[in-house]
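Asks: All residue numbers for the sequence shown refer to my numbering, where the first residue is 67 and numbers rise by one. Using N, Cα and C, we set each Cβ at its ideal position, and we do this for glycine too. Model, not experiment: these values are computed from the prediction. Here it is: the structure, laid out below.
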Amino acid sequence: MRAIGTIATLGLIWAVVAAQAVDRVVSPDFIPWATWGRDHNRSHYQAQISGIDRPRVRWVALGGALDEPLFDLAFLWTPQMPALSPGFARFVQYNFLDAFSGGSAGALGPYWGQAATPAAFTVPVYVVADNNLFLGFVFDWPAFFGAGGQYDSFLYAPDPGPLLDPLYFPQDYFQTVNVRPSYRGTIGAYTDGALGFAFFGDNFGAISAVGGMWIVTLSAAALQAGEIVVTNSQFFAMDDFSGFTGAAGAVLGATATNTEGLSTRVLIADHAGTLRAFDPTLPASRYRPVWTNTVQRLSLQDRVDPNNPNSPPDPIPSDAIDRPIAINADGSVAIVCASNYGRIYAVNTANGNRIWGVKLDNTRRIPIMGGPSIGPDASGNETVYVVGRFNASQSRLYALDLATGSIKWSFNLEGISRCTPTIDADGNLYIGNDRGTLFSIAPNGTLRWRLTLGGPISVAPVLIPVDLNFDNIPDPLLIVAASNRYLYAIENVPGPLGGGAVDIPRGGISPGGGR
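Next up, the structure:
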């Protein structure tokens with residue numbers, strides 16, 4: 067079973083194809099939001115959550131979001147830049163918002179730079195007795211790595227001790243990683259069924275990885291009396307695969323094995339247009355690229371007229387890979403964009419070979435400004451979605467067949483858009499533009515509905531499951547950032563619309579329209 071992941075940084079673009087090499091895979095349910103939880107292939111496809119059919123604003127919070135909020139249990143880690151009075155420095159923070167009501171439960175910060183979506187990944191928890199007897203293993207315990215801005219980042223690991231002993235006072239682990247900035251976020255990758263790392267990079271091309279593990283110690287005497295008493299809970303940090311500190315290395319030793327054919331792949335691309343694949347299950351001394359490719363080499367088969375094999379070659383002399391890499395459902399295909407030239411390439415994740423290449427337009431360049439995302443069409447066939455700037459005032463959403471690269475349809479977004487589409491379980495898309503219009507588009511390219519919100523929508527909407535009706539059944543909730551002004555939570559109207567506009571702060575709704 068493979069778990070897939072990707073990350074975009076300002077200087078590096080990442081994708082992770084991770085396969086567990088032990089007998090217990092990591093549960094996909096500990097972090098519900100797709101991009102930073104289950105959906106580590108950065109497809110923005112939320113296969114477990116139905117979408118919004120009849121939209122209504124549930125709540126509005128001030129501050130918007132600089133990047134996609136991470137949904138952890140009941141709260142949204144929301145990267146924001148609070149507005150301050152003149153003369154005060156601007157800073158960024160993570161505002162913890164209650165997903166049910168939109169109320170703030172506190173903030174983490176300030177940071178000086180760019181706060182991005184935190185990475186959520188699991189860390190192993192070993193349970194031992196104070197007589198050195200190994201007792202068991204706690205699965206699915208999370209840790210979080212956050213982008214602290216231009217100067218540092220942080221690792222936060224909540225203490226699992228109270229999970230076993232409610233009377234134990236937790237000692238959460240929090241460590242700032244100095245002078246190693248994560249400009250645009252991180253991604254968690256797994257070397258086996260439990261051991262996770264947060265990978266991140268900076269504008270200078272430096273690649274870093276941070277991980278760790280917990281050892282929770284129980285009282286042997288209390289166990290003999292039929293009680294569970296935690297006497298100690300300690301976190302051991304692991305940095306850049308250099309090894310654990312203290313006794314943790316001996317405890318972990320036998321679990322991080324490398325299995326032929328199941329090795330993890332970490333795909334990394336940079337602004338120079340180079341794509342590399344690594345295997346992080348190998349020791350640091352052997353941590354070399356498994357394969358390398360470039361935008362230039364991927365474009366060698368391109369023709370001026372792609373429909374004419376005798377047409378002159380049309381290679382790309384130089385271009386950046388500055389869009390995130392998206393990976394398909396089974397981990398075999400990575401979608402790589404040459405953004406400035408408006409070309410999209412499907413790459414074999416096993417060997418780096420080109421599968422196909424497509425121009426958004428055969429006569430001119432259409433810069434790619436959003437996506438790629440990958441989700442199913444009405445027939446269940448995987449489809450690639452990108453946003454291209456069609457002209458000076460219009461962007462279009464393009465749908466491409468993953469198997470062939472052929473363009474299936476395009477949709478006029480009625481203005482400039484820098485937004486990556488999010489996809490629900492039925493293949494419906496949610497995407498915004500700079501005019502503040504939020505669109506829901508069916509898998510066949512027809513408009514389902516639109517909302518007008520209070521600011522430009524450039525951050526991908528976040529689709530999360532929240533029990534809104536107190537019936538223990540998760541309901542879909544779409545979180546949409548309108549610039550750094552407002553953060554909207556969109557829910558389903560219980561019944562059919564009665565006509566007219568729904569009461570939406572600084573906006574309105576229309577339930578239909580043309581392409």
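Thinking just about the alpha-carbon of each residue, which of S506, S285, G521 is nearest to the one in R514?
Replies: Residue mapping note: residue 514 aligns to position 448 of the sequence shown, counting from 1. It is S506 whose Cα lies nearest to the Cα of R514.
Asks: Leaving out five residues before and five after S299 in sequence, what residues of the same chain have Cβ atoms less than 6 angstroms from its Cβ?
Replies: The residue labelled residue 299 in the question sits at position 233 within the sequence shown. Cβ neighbours of S299 beyond the five flanking positions: D225, G227, V282.
Asks: Using the Cα positions of I118 and E557, report the straight-line distance between them to the nearest angstrom.
Replies: Taking the sequence shown and counting its residues from 1, one reaches residue 118 at position 52. Taking the sequence shown and counting its residues from 1, one reaches residue 557 at position 491. Near 7 angstroms, if we compare the C-alpha coordinates of E557 and I118.
Asks: How many Å lie between Y464 and L128 at the Cα?
Replies: Here residue 464 is taken as the residue at index 398 of the sequence shown, counted from 1. Here residue 128 is taken as the residue at index 62 of the sequence shown, counted from 1. One C-alpha to the other measures close to 32 angstroms.
Asks: With burial defined as no fewer than 16 other Cβ atoms inside 10 Å of the residue's Cβ, what is the status of V370: buried or exposed?
Replies: Reading the sequence shown from its first residue, position 304 is the one you call residue 370. Looking at its Cβ environment, which holds fewer than 16 other Cβ atoms inside 10 Å, V370 is exposed.
Asks: For R420 versus Y411, is the C-beta distance shorter than 8 angstroms?
Replies: Walking along the sequence shown from the start, residue 420 turns up at place 354. Walking along the sequence shown from the start, residue 411 turns up at place 345. Yes, they are a contact pair.
Asks: Please confirm whether C485 and G498 have their CB atoms less than 8 angstroms apart.
Replies: For the purposes of this step, residue 485 is identified with residue 419 of the sequence shown, where counting begins at 1. For the purposes of this step, residue 498 is identified with residue 432 of the sequence shown, where counting begins at 1. Cβ atoms of C485 and G498: closer than 8 angstroms.
Asks: Quick one: Cα of I70 to Cα of G493, how far?
Replies: Sequence index remark: in the sequence shown, residue 70 carries index 4 (1-based). Sequence index remark: in the sequence shown, residue 493 carries index 427 (1-based). Only weak support is given to the placement of I70: the predicted model assigns it a pLDDT of 28, under 50, and the value that follows is read from those uncertain coordinates. Going by the C-alpha atoms only, they are around 19 angstroms apart.
Asks: Taking just the CA atoms, how far does F220 sit from R516?
Replies: For the purposes of this step, residue 516 is taken as residue 450 along the sequence shown, with counting starting at 1. For the purposes of this step, residue 220 is taken as residue 154 along the sequence shown, with counting starting at 1. Whole-angstrom Cα-Cα distance: 38 angstroms.
Asks: Is it right to say F344 is buried, meaning 16 or more other beta carbons lie within 10 angstroms of its own, or is it exposed?
Replies: Here residue 344 refers to the residue found at position 278 of the sequence shown. Flag for F344 reads buried.
Asks: A526: which of T449, V413, Y496, G423 sits nearest, CA to CA?
Replies: Your numbering for residue 526 matches position 460 in the sequence shown. Nearest option by C-alpha distance: Y496.
Asks: If you reduce the DSSP assignment to three classes, tell me which class G103 lands in.
Replies: On the sequence shown, residue 103 is found 37 positions in, with the first residue counted as 1. Below a pLDDT of 50, predicted positions are generally treated as unreliable, and G103, at 38, falls in that range; no measurement from the model is reported.
Asks: Helix, strand or coil, according to DSSP, for V361 in the structure here?
Replies: In the sequence shown, counting from the first residue as 1, residue 361 sits at position 295. Helix at V361.
Asks: Out of S549, V559, D368, which one is the CA nearest neighbour of T144?
Replies: Numbered from 1 along the sequence shown, position 78 holds the residue referred to as residue 144. Comparing Cα-Cα distances from T144 to each of S549, V559, D368, the minimum goes to S549.
Asks: Do the CB positions of A165 and F141 come within less than 8 angstroms of each other?
Replies: Walking along the sequence shown from the start, residue 165 turns up at place 99. Walking along the sequence shown from the start, residue 141 turns up at place 75. Closer than 8 angstroms, so yes.
Asks: Cα-Cα, which of D336, L341, V194, A223 is closest to V296?
Replies: Indexing the sequence shown from 1 puts residue 296 at position 230. Per the Cα distances, V194.
Asks: Closest by CA to S445, which one among D490, S384, P509?
Replies: As a position in the sequence shown, residue 445 is number 379, starting the count at 1. Checked all of D490, S384, P509; the closest Cα to S445 is P509.
Asks: Near T360, which residues of its chain fall below 6 angstroms by C-beta distance, leaving aside the five closest residues on each side in sequence?
Replies: Here residue 360 corresponds to residue number 294 of the sequence shown, with the count starting at 1. Closer than 6 angstroms at the Cβ level, and outside the excluded window around T360, lie G339, T340.
Asks: Using the three-state DSSP reduction, which class does G408 fall into: helix, strand or coil?
Replies: Within the sequence shown, residue 408 is the residue found at index 342, counting from 1. DSSP places G408 in coil when its eight states are reduced to three.
Asks: Can you name the start and end residues of the beta strand (DSSP E) that A465 belongs to?
Replies: Looking up residue 465 in the sequence shown gives position 399. Taken as a continuous stretch (DSSP letters only), the beta strand (DSSP E) holding A465 covers 460-467.
Asks: How about I391 and A400: do their beta carbons lie closer than 8 angstroms?
Replies: For the purposes of this step, residue 391 is taken as the residue at position 325 of the sequence shown. For the purposes of this step, residue 400 is taken as the residue at position 334 of the sequence shown. Yes, they are a contact pair.
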